Amino acid sequence: MNAEGIEYASAAYEEMERYFNRVVDARRARPGNDLVSLLLTVEEPVTGSR
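The sequence shown begins at 12 in the working numbering and counts up by one.
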């Protein structure tokens with residue numbers, strides 16, 4: 012991948028990250044009946060080791 016391709020991919024990643032952050036913030040404020048809302052309710056078990 013050349014420098015232009017890397018720049019394009021980086022910009023696309025940043026745009027996607029902003030989009031998903033907005034979706035997560037919206038679902039935290041107002042949960043719905045969707046996968047993102049469900050995932051936000053799941054807690055990982057505490058095991059003491061990783």
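Each residue gets a CB set at the ideal place from its N, CA and C atoms; glycine is no exception. All figures in this text were calculated on a predicted structure; none of them were measured in a lab.
Tell me the rounded alpha-carbon separation between Ala-23 and Thr-58. Ala-23 and Thr-58 have their C-alpha atoms spaced approximately 36 Å apart.
Could you check where the alpha helix (DSSP H) with Gly-16 kicks off and where it finishes? It spans 14 to 40 - the alpha helix (DSSP H) in which Gly-16 sits, taken as one unbroken run.
Compare the C-alpha of Arg-38 against each of Met-27, Glu-26, Tyr-30 and Leu-51 and name the closest. Leu-51
Euclidean distance between Cα positions of Gly-15 and Ser-21: First, the amino acid is wrong: residue 15 is Glu here, not Gly. Those two C-alpha atoms are separated by around 10 Å.
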